[in-house]
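Below: the structure, in C-alpha cells.
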C-alpha cells in the first residue's frame, strides 16, 4: 500500500494534483458525488480565458485535463506597457505560473469577494469541472457539515498554495507550480492520512465525468 506522501508525489508527476488531493481529502464520498451532480464538465480551448483579472468569479473549477497560465497585467504606468497597449489595444500580461490537471481554481472567491487579481487562460485543449457559485453557496447555507468540511479544505489548499508561492520566489523565480519541491513534512498528520482516499475519490470523479461526456 502506498504511503500518503508517496501517493502525493506520484500524483504530482501527472500534473499539479496537490490541490485537488488536499481538497478531496477533507470531503466525504457524498460531497464528491454532490460536486459531480451539481457541476458541469466544460471543454476549454487554447487561448480561452477561464477567469479574467478584475472580474468576479462565478464558479469553482477543478482542472481535469490540460494546462493553464496564470498572469497579471503589467502596470499601465510603465512606458513600454503604454506602447504595447497603443499597438495591440490591450495591456500586456506577465506570466506568473502554469497550472495543470488536479488544480483548483477560483477558490479565493469563496473567502474574498473582491474581483480576481489574475487572469487564468488555457494554453491547450483542457477539461474542467465547473461548479456554479450559486449552487455551491446554496449548499453551504443548507448543509452545515458540508460547510465545515469545505472551508477547512479551502484553508488547507490556500495555505499550501501560499507556501508554494513563497518557495517559488525564494528558490526559483519563473518556476511553474508543478515543478516545486514537495512539502509533505509541512502537512499535518490528519491531512496526510486522507490523501490515499482523496486519490481514489479523484480517480472516481474523473471516471464519472468522462462517462457523462
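In UniProt numbering, the protein residues as written are 1 to 213. Beta carbons are placed, not taken as given, at the ideal position from N, Cα and C, and that holds for glycine. Computed from a predicted model, the values in this text were never measured in an experiment.
Subject >> residue 133 versus 156, 39, 22, residue with shortest Cα-Cα distance >> reply: Start at 1 with the first residue of the chain shown, and residue 133 comes out as number 133. The candidate whose alpha carbon is nearest that of residue 133 is 39.
Original post:
Counting contacts by CB-CB distance shorter than 7 Å, is residue 200 in contact with chain B?
Top reply: Note that chain B does not occur in the displayed structure, where there is just one protein chain.
**OP:** For residue 94, name the three-state secondary structure that DSSP assigns.
**Re:** The count along the chain shown starts at 1 and reaches residue 94 at position 94. Of the three classes helix, strand and coil, the one that applies to residue 94 here is strand, per DSSP.
**OP:** For residue 159, name the three-state secondary structure that DSSP assigns.
**Re:** Walking along the chain shown from the start, residue 159 turns up at place 159. Residue state, collapsed to three classes: helix.
**OP:** On the DSSP bridge assignment, give the partners of residue 22 in chain order.
**Re:** Walking along the chain shown from the start, residue 22 turns up at place 22. Paired residues: none, contrary to the question.
Original post:
DSSP beta-bridge partners for residue 127?
Top reply: Counting from 1 along the chain shown, the entry for residue 127 is found at position 127. Residue 127 pairs with 43, 65.
Subject >> Stretch pair the region 25 to 42 + the region 111 to 124: three plus CB contacts closer than 8 Å >> reply: Judged by Cβ distances under 8 Å, the region 25 to 42 makes no contact with the region 111 to 124, as fewer than three pairs qualify.
**OP:** Specify the secondary structure class of residue 57 as computed by DSSP and reduced to three states.
**Re:** As a first step, residue 57 is located in the chain shown; it is residue number 57 there, counting from the start. Here residue 57 sits in coil by DSSP.
**OP:** Identify whether residue 71 lies in helix, strand or coil by the three-state DSSP scheme.
**Re:** Here residue 71 corresponds to residue number 71 of the chain shown, with the count starting at 1. Assigned with DSSP and collapsed to three states, residue 71 falls in strand.
**OP:** Can you give me the Cβ contacts of residue 109 inside the same chain, cut-off strictly under 6 Å, excluding the 5 residues immediately before and after it?
**Re:** For this step, residue 109 is matched to residue 109 along the chain shown. Only residues of its own chain outside the window of five on either side were considered, and among them 57 have a CB closer than 6 Å to the CB of residue 109, listed in chain order.
Subject >> Distance CB(residue 97)-CB(residue 70) smaller than 7 Å >> reply: The residue labelled residue 97 in the question sits at position 97 within the chain shown. The residue labelled residue 70 in the question sits at position 70 within the chain shown. Yes, the Cβ-Cβ distance between residue 97 and residue 70 is below 7 Å.
**OP:** Can you tell me which of 61, 68, 55 puts its alpha carbon nearest to the alpha carbon of residue 47?
**Re:** Here residue 47 corresponds to residue number 47 of the chain shown, with the count starting at 1. Considering only alpha carbons, the answer is 68.
**OP:** Note down the Cα distance separating residue 94 from residue 73, rounded to an integer number of angstroms.
**Re:** Here residue 94 refers to the residue found at position 94 when the chain shown is read from its first residue. Here residue 73 refers to the residue found at position 73 when the chain shown is read from its first residue. Their backbone Cα atoms lie some 6 Å apart in a straight line.
**OP:** In the DSSP assignment, find the alpha helix (DSSP H) that holds residue 38 and state where it starts and stops.
**Re:** Here the question's residue 38 lines up with position 38 in the chain shown. Looking at the DSSP string, the run of the alpha helix (DSSP H) that includes residue 38 is 29 to 38.
**OP:** Using only alpha-carbon positions, find the residue among 146, 154, 144, 102 that is nearest to residue 227.
**Re:** This structure does not reach residue 227, given that the chain is present from 1 up to 213, and the question cannot be answered.
Original post:
Does DSSP classify residue 100 as helix, strand or coil?
Top reply: Sequence index remark: in the chain shown, residue 100 carries index 100 (1-based). The answer is strand: DSSP assigns residue 100 an E or B state.
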